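*Asks:* So the sequence lines, in the order shown, correspond to chains W and R.
Counting from 507, one number per residue, gives the positions in the first sequence under this note's numbering.
Counting from 154, one number per residue, gives the positions in the second sequence under this note's numbering.
Even for Gly, the Cβ is constructed at its ideal location relative to N, Cα and C.
Since the model is a prediction, treat every value here as computed from it, not as a measurement.
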Amino acid sequence: MKYSYYPGCTLKTKAKDLDAYARVSAKALGFELEEVEDWQCCGGVYPLGKDEIATKLSSVRTLAQARDKGQELVTLCSACYNVVKRVNEDIKNDENVRTKANNYMQLETPYNGETNVLHFLEVLRDRIGFDELKKKVVNPLTGKKIGAYYGCLLLRPGSTLKFDDPENPKIIEDFIRAIGAEPVIYPMRNECCGGYISLKEKEMAANMCVSIEDNAAGFGAEMLITACPLCMYNLNKNSQGKLPVVYFTELLAEALGVKEEVK
Amino acid sequence: MQRIGVFVCHCGSNIAGTVDVKRVVEAIRTEPGVIHAEDYPYMCSEAGQQLIAKAIEEHKLTGIVVCSCSPRMHEATFRKAAANAGINSFMVEIANIREHCSWIHKDVEEGTEKAVILARAAIAKLNLDTPLQPGESRVVKRALVIGGGIAGIQSALDIADAGYEVDIVEKTPSIGGRMSQLDKTFPTLDCSACILTPKMVEAAAHEKINIYTYSEVEKVSGFVGDFKVDIRKKARYVDSTKCTGCGLCQEKCPSKKAPSEFNRGLNTRSAIYTPFAQAIPNVPVIDTENCLKFKTGKCGICQKICAAGAVDYEQQDEIITREYGAIVVATGFDTIKLDKYDEYAYSQSKDVVTSLELERIMNAAGPTKGHLERLSDGKAPKNIVFIQCVGSRCSDGRGKSYCSKICCMYTAKHAMLIRDKYPDTNVTVFYIDVRTPGKNFDEFYRRAVEDYHVNYVKGQVGKVMPQPDGSLLVQGVDLIDNKQIKMNADMVVLATAIEPDPSVRNIATMLTASIDTNNFLTESHAKLRPVESPTAGVFLSGVCQGPKDIPETVAQAGAAAVKAIGLLAKDKLTTNPCTAQADILLCNGCSTCANVCPYGAISYENIQINDHGIREERRVAVVNNALCQGCGACTVACPSGAMDLQGFSNRQILAEVDAICR
């Protein structure tokens, strides 16, 4: 199975791990991530302005490429997922955005929202299946108590992303079970890490990250996993460092026995 | 040829504001059949009606068109006026130039043009009208009340006190409803059971009231004054005539793991049970899903120990068919499910409870014997947070758009009772608005704030987080201080929105009574007929019509009873002559009409027909005029055009369409 793959800028710089472990894991699981050509930054934040078009075009370009190849589009970074999927929904449902975007793009075939956007976790859940994943695990992380940290971009707005229940999600917990570890469910796993506020109000971001970490540790988590480079940054920089934070793909690669393939 | 008079009403400025009535009068003067036309400021007034009567006499009119408001408002008025002036009351047509025209248009040109067209259509129809005579139907002097809560009990008592027989059908094993689950009632704080049980006893003892508990309405046919209803009396597996209500069977029953419905699942009950101590009737039922005898065939203890020999495992459901003149719906409410509100951690923590659950916790007969304690560890909570509007006034589609109306008051009640009984407990209430219209209601709420020092915070809660130590962290916002709040609580109480009991959908379908998007039964007129369903003979009592507290429910139950009594007091009802008829020469007996008839009014007969000299036997449709409600479904469905509705014949409808399209 081949998917179009949109890594996004952070995965080429700060979050190279997230990307590298995903690629080797995909190979081990028997699917291919084909990077779209000439992709551009998604913008990092979904533009809420109703009349904002330019910042949506990079997503449209990527989406149209996947459509031309007849592939589903996979993202890995939570922020990219949030932006690309929401822009895709806009193109599908908002005639104004659709017309303007296509007028700018002048594509050979106008793009009307045909591409299906998937997060890597959704590929594991809906295309591979956690039961199948479990069978491929050679190196189960038995006994590890892991807290899933969702943050907000993967889950909200729930009605658009339809990724999981935004108030009581379980996809990462199911993933943790599939790789043989024990999920620790703690109430702050879907709270915001502070996002970009850490640039402006460090104290506020610190408050948020410290409570998340305390909460997870209080319920017995030994480590946190995330899918978001920004969450990773904040949890590392702004908390007290009680718990290690790693990308979920790193544990996936470890469980599949392919971690060493990444240099 | 008809001699038609047209009367155009100004309705003050309601119509005349956007319709040039003088021009309407002039425009329709030349319509076929019209020999008189005039306008008047208030046609429905005494003077307006006299003006119509005078014109009928003077111009020897055979029919009139009144261009005015909706026929739902004044059709009856003008029909009566016409009949008094000596013409058949079905020779009256209303052109609705208010609701359908002046109220929805701003431009006088457009409004006037449309009013003329509507008047033309009515004139075209009247040209084909024929005088009709209404028939008569009987009134069965008995009422059915569906639902045995306070609404149903009150309606039943009022109807019975007027001398008519009443049957109450209640689906649970006892009457009493939601009110029996409440601990205290606002704003007087009297004990709910103390004021409810006398009513229950009175209903049970009333010689005119017959109560079917553990029973459900299964089928309804007939129409106003003459309903026929099948009631399924579910098998109790206990013979009510023998049971003495001693309670020994419940005590000895070895299967005690079933969640108690009465205590909202907070504790358990035995498989053979009465829901609560004051249950009426005091006759237990066996819940076959949990009974060992039914599940495994082994046990039978209750039968062995019952001194009265009342336990009967062979008992079957029974169908009772009864006739009624009027039906009162009092199906009540339930709280909404909270699965879409996971941010409040209701499913994650035992110490997050709904307000109705708190009623049970506070009640001496409840799961904690009336002690306020946390369900997780039995400890007394020191900090309690109430969250209002959980699922009410919701705009994101997860909950209900409406205000549940009772929550502000019961939350103030809970807060006050807790502060009174446990003064060292801190109580915080998060609210959007505090709504306390009602007699002595705002004073009640003020007492909670001023005398009992309940901490009211204007703002909503975003998240309730169970903590590793078992406490709950409540994260909310204080909109007055404009700051985020985080506070620790030992217990969180959710003022959960109420919704109509789910059973109402099925009942509404059986009764052909309309319900709104929230499943509340629709009243015939929001202001002027608030306790009547648009379906004749069906009346609405209590929360099935909209959120209400107890005083309002009782008042509405009485009003519904009065309307039912007004109907039962009549010996005969005039029937609507606008019913369907089949032209036997065109009908080929295909059954299409019977399949679409919602009232079961169409049957088939084999008759001898002489068709152009050929005598043959044919199967044709026959309409029972007593059952036909004149909805017209059959006339549209009939492939051969044999079905026609009197007063709304196919020719008349097409004449209206022609007049509009001219």
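Under DSSP, the beta strand (DSSP E) around R/Arg-768 begins and ends at which residues?
*Replies:* 767-776
*Asks:* Is W/Glu-709 close to chain R, meaning its C-beta is less than 8 Å from at least one C-beta of that chain?
*Replies:* no
*Asks:* Please give the ranges of any alpha helix (DSSP H) in the segment 619-665 of chain W, keeping only runs that are unbroken, at least 4 residues long and fully inside the region.
*Replies:* 636-642
*Asks:* Can you give me the C-alpha to C-alpha distance between R/Leu-798 and R/Cys-222, rounded to a whole angstrom?
*Replies:* In this structure, the CA atom of R/Leu-798 is about 24 Å from the CA atom of R/Cys-222.
*Asks:* Under the rule that 16 or more other beta-carbon atoms within 10 Å means buried, what is R/Arg-599, buried or exposed?
*Replies:* That one is exposed.
*Asks:* List the residues of chain R that W/Gly-724 touches, going by C-beta distances under 9 Å, in chain order.
*Replies:* Gln-620, Pro-621 and Asp-622
*Asks:* Kindly indicate if chain W contains any beta-carbon less than 8 Å away from that of R/Ala-498.
*Replies:* Closer than 8 Å: yes.
*Asks:* I'd like to know if the segment 520-534 of chain W and the segment 558-573 of chain W are in contact, where contact means that at least 3 CB-CB pairs between them fall below 8 Å.
*Replies:* Between the segment 520-534 of chain W and the segment 558-573 of chain W there are fewer than three inter-stretch CB-CB distances shorter than 8 Å, so the stretches are not counted as touching.
*Asks:* So, R/Phe-486 versus R/Ile-651, is the Cβ gap smaller than 8 Å?
*Replies:* yes
*Asks:* Inspect the CB distances between the segment 622-642 of chain W and the segment 452-462 of chain R and report whether three or more fall short of 8 Å.
*Replies:* no
*Asks:* Looking at the secondary structure, which residues open and close the alpha helix (DSSP H) in which R/Phe-486 lies?
*Replies:* No alpha helix (DSSP H) contains R/Phe-486, which is instead part of the beta strand (DSSP E) from 486-488.
*Asks:* How would you call R/Thr-325, buried or exposed, if buried means at least 16 neighbouring beta carbons within 10 angstroms?
*Replies:* buried
*Asks:* Could you give the first and the last residue of the continuous beta strand (DSSP E) run that contains R/Lys-386?
*Replies:* It spans 379-386 - the beta strand (DSSP E) in which R/Lys-386 sits, taken as one unbroken run.
*Asks:* Measuring CB to CB, does R/Ala-479 end up less than 8 Å from R/Leu-721?
*Replies:* Taking 8 Å as the Cβ cut-off, R/Ala-479 and R/Leu-721 qualify as a contacting pair.
*Asks:* Under 8 Å: do the segment 551-565 of chain W and the segment 597-615 of chain W share three or more Cβ pairs, one atom per stretch?
*Replies:* Because the criterion of three Cβ pairs below 8 Å is met, the segment 551-565 of chain W and the segment 597-615 of chain W touch.
*Asks:* How about R/Ser-408 and R/Ala-779: do their beta carbons lie closer than 8 Å?
*Replies:* no
*Asks:* Using a C-beta to C-beta distance shorter than 7 Å, which residues of chain W count as neighbours of R/Asp-495?
*Replies:* Asp-671, Glu-673 and Asn-674
*Asks:* Do the CB positions of R/Phe-160 and R/Cys-220 come within less than 8 Å of each other?
*Replies:* yes
*Asks:* Quick one: give me the first and last residue of the alpha helix (DSSP H) that R/Val-810 is part of.
*Replies:* 803-814
*Asks:* In the DSSP assignment, find the beta strand (DSSP E) that holds R/Arg-822 and state where it starts and stops.
*Replies:* With chain R covering only 154 through 815, there is no way to say anything about residue 822 of chain R.
*Asks:* Can you give me the Cβ contacts of W/Gly-724 inside the same chain, cut-off strictly under 8 Å, excluding the 5 residues immediately before and after it?
*Replies:* Tyr-692
*Asks:* Sorted by chain position, which residues of the same chain lie with C-beta nearer than 8 Å to R/Lys-233's C-beta, five sequence neighbours on each side aside?
*Replies:* Once the five neighbours on either side are set aside, the close Cβ partners of R/Lys-233 are Ser-242.
*Asks:* From R/Glu-228, R/Lys-207, R/Val-269 and R/Gly-170, pick the residue whose C-alpha is nearest to that of R/Glu-184; which is it?
*Replies:* R/Val-269
*Asks:* Does the distance from the C-beta atom of R/Leu-647 to that of R/Ile-489 stay below 8 Å?
*Replies:* For R/Leu-647 and R/Ile-489, no; Cβs fall outside 8 Å.
*Asks:* Given this structure, state the Cα-to-Cα distance separating R/Asp-577 from W/Asp-670, to the nearest angstrom.
*Replies:* 42 Å
*Asks:* Interface residues of chain R around W/Pro-689 at Cβ under 9 Å?
*Replies:* What W/Pro-689 touches in chain R: nothing, since even the nearest Cβ is about 14 Å away.
*Asks:* Can you grab the Cα-Cα spacing for the pair R/Ala-601 / W/Ile-597, in whole Å?
*Replies:* 53 Å
*Asks:* Within the same chain, show all residues whose beta-carbon is closer than 7 Å to that of R/Thr-171, passing over the 5 residues directly before and after it, in chain order.
*Replies:* By the criterion of a C-beta distance shorter than 7 Å, R/Thr-171 is surrounded in its chain by Ser-255, His-258, Lys-259, Val-261 and Gly-264, once the five residues flanking it on both sides are discounted.
*Asks:* In the DSSP assignment, what residue or residues form a beta bridge with R/Ala-642?
*Replies:* R/Leu-625
*Asks:* By the 10 Å Cβ neighbour count, where 16 or more other Cβ atoms means buried, how is R/Ile-767 classified, buried or exposed?
*Replies:* exposed
*Asks:* In angstroms with no decimal places, state the Cα-to-Cα distance between R/Lys-395 and R/Arg-331.
*Replies:* 28 Å
*Asks:* Does the count of Cβ pairs from the segment 735-755 of chain R and the segment 781-788 of chain R closer than 8 Å reach three?
*Replies:* yes
*Asks:* Whole angstroms are fine: how far does the CA of W/Ala-684 sit from the CA of W/Cys-548?
*Replies:* 31 Å
*Asks:* Cβ of W/Met-714 less than 8 Å from any chain R Cβ?
*Replies:* no
*Asks:* Can you round the beta-carbon distance between R/Asp-724 and R/Val-319 to whole angstroms, since I take them to be within the 8 Å contact cut?
*Replies:* Between R/Val-319 and R/Asp-724 the Cβ distance is about 19 Å, and since that is not below 8 Å, they are no contact.
*Asks:* With C-beta atoms as the reference, is R/Gly-742 less than 8 Å away from R/Val-773?
*Replies:* yes
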